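As structure tokens, the structure follows; a few thoughts come after it.
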Amino acid sequence: MRKLTDQYGREITYLRLSVTEKCNLSCFYCRSDPGKCGIEPVEGSLEVKDYLKIGRIAAGLGINRIRLTGGEPLVHPDILEIVSGLANLDGINDLSLTTNGILLEKMASQLAKAGLNRVNISLDSLDESNFRQITNGGKLASTLKGIDRSLDEGLKPVKINVVLLKGINEHEIENFVRLTLSRELDVRFIEYMPVGGQHGNWSRYFLPLDRVLEIAHTIAPLSIVEGNHGGGPARYCRLEGAIGKLGLISPLSRHFCDRCNRLRVTSDGKVKPCLFSDQELDLRPHLDHPEQLKNVLLEAIKRKPDPGKSASNSLARMKQFEGKRPMINIGG
Ligand code: SF4
């Protein structure tokens, strides 16, 4: 199959598919109005058959990896049907899901049987009360049990995503890093982005990831882990003697736009060429017309931004963030 590339020569292999804007947690930095909790589908959301149509066309173009996101994808009443449908598509050889882990202990076995390959688990605190505060009432124990069950069910590699927040979970960096010593986990720190117009909050919570390396070096010698690790944005390293790996995802202080390989589809059917841009194209009018659907996806790839224009320092890069949608309406 011919490689799917954009005008800057980047190979596009990865589709992030948001299946809901709903979530069973309410992290303060993720959603604009915590009042919008609940699990009933949102007006204008795509149906199961729509996700399979989009997945099939994307696979036909050369995309071979799909990540299911949200909100919280596990609150979607048909998530197992979506997983098994996508897992059986020709050409898709990596199907993963990003979850807050709250429902994972209960669902990991069914997800694995439905064909899911692996999970990324969002976890911003290892401290019960801090976790409750960040998530507006979540139970840390549920997510920790979800991690254990995912390892037991072979949904590997299990990746932990920690959004690093100044003054909120900065003091927990060492505990997160130490998790990699004895657990088969990839613990990845992610820089805080001003998603959904949160530029005002940015300087309050943003902390460059160099802080993580400073602390990791005090624990044990670090070595870089070479390889592209599935083409994702993380840079990986490992503490001496550790079972797991440490990952750094720094879209602001050290962007990775030159190797961007993705498109995003929102749960209301818009395809986004870039997380930072406000551009989006509506797929819904074309869902029953495969050729048209293919052309809209190709148009979105044509509109991916020039990586050479991505600013190289955090503040300037922050100002380039034009996207107005809150993270919960994009899917990360
Ligand atoms: S900011 Fe846009 S171009 Fe850069 S890596 Fe993210 S999605 Fe790709």
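Mapped onto my numbering, the consecutive letters of the sequence shown carry residue numbers -18 to 313.
Beta carbons are placed, not taken as given, at the ideal position from N, Cα and C, and that holds for glycine.
Keep in mind it's a predicted model, so treat the numbers as computed, not measured.
#1: Starting from Val64, follow its DSSP beta bridges and name the residues at the other end.
#2: Pick helix, strand or coil for Pro15, following the three-state DSSP scheme.
#3: Does the region 222 to 236 come within contact of the region 150 to 169, defined as at least 3 CB pairs closer than 8 Å?
#4: Compute the Euclidean distance between the alpha carbons of Leu42 and Val193, then round it to the nearest angstrom.
#5: Do His267 and Leu256 have their beta-carbon atoms positioned less than 7 Å apart in this structure?
#6: What do you get for Ser110, buried or exposed, if any count of 16 or more other CB atoms within 10 angstroms of its CB means buried?
#7: In whole angstroms, what separates the C-alpha of His270 from that of Ile309?
#8: Which value, in whole angstroms, describes the spacing of the CA atoms of Phe170 and Thr247?
#9: Would DSSP call Tyr217 helix, strand or coil?
#10: Count the other C-beta atoms from every protein chain shown that fall within 10 angstroms of the C-beta of Ala122, then say buried if there are 16 or more, exposed otherwise.
#11: Contact check, His236 vs Ser291 under 8 Å by CB: the rounded distance?
#12: Quick check on the burial criterion: 16 or more other C-beta atoms within 10 angstroms. Buried or exposed for Ala95?
#13: Applying the 10 Å Cβ sphere with the 16-neighbour rule, what's the burial state of Asp239?
#14: For Asp259, which residues in the same chain have their Cβ closer than 7 Å to its Cβ, ignoring the five residues on either side in sequence?
#15: Tell me the DSSP secondary structure of Leu162 in three-state form.
If we stick to the structure as given:
#1: Residue 64 sits at position 83 when you count from the first residue of the sequence shown. Answer is none; Val64 lacks a bridge partner.
#2: Taking the first residue of the sequence shown as position 1, residue 15 is located at position 34. Model confidence at Pro15 stands at a pLDDT of 49, short of 50, so the residue's coordinates are unreliable and nothing is read from them.
#3: yes
#4: As a working note, residue 42 is residue 61 in the sequence shown. As a working note, residue 193 is residue 212 in the sequence shown. One C-alpha to the other measures close to 38 Å.
#5: Position 275 of the sequence shown, counted from the first residue, corresponds to residue 256. Position 286 of the sequence shown, counted from the first residue, corresponds to residue 267. Going by C-beta atoms, Leu256 is not nearer than 7 Å to His267.
#6: As a working note, residue 110 is residue 129 in the sequence shown. The residue is exposed, with fewer than 16 neighbouring Cβ atoms inside 10 Å.
#7: As a first step, residue 270 is located in the sequence shown; it is residue number 289 there, counting from the start. As a first step, residue 309 is located in the sequence shown; it is residue number 328 there, counting from the start. Taking the straight line joining both Cα atoms gives about 28 Å.
#8: To locate residue 170, count along the sequence shown from 1; it is residue 189. To locate residue 247, count along the sequence shown from 1; it is residue 266. If you take the alpha carbons of Phe170 and Thr247, they lie about 24 Å apart.
#9: On the sequence shown, residue 217 is found 236 positions in, with the first residue counted as 1. In the structure shown, Tyr217 sits in a strand (DSSP, three-state: E or B).
#10: Residue 122 sits at position 141 when you count from the first residue of the sequence shown. By the 10 Å Cβ count, Ala122 comes out exposed.
#11: Indexing the sequence shown from 1 puts residue 236 at position 255. Indexing the sequence shown from 1 puts residue 291 at position 310. With a Cβ gap of about 5 Å, His236 and Ser291 count as contacting.
#12: If you number the sequence shown from 1, residue 95 lands on position 114. That one is buried.
#13: By 1-based counting over the sequence shown, the position of residue 239 is 258. Exposed is the call here.
#14: Locating residue 259 in the sequence shown gives position 278, where the first residue counts as 1. Here the set comprises Glu303, Gly304, Lys305.
#15: Numbered from 1 along the sequence shown, position 181 holds the residue referred to as residue 162. In the structure shown, Leu162 sits in a helix (DSSP, three-state: H, G or I).
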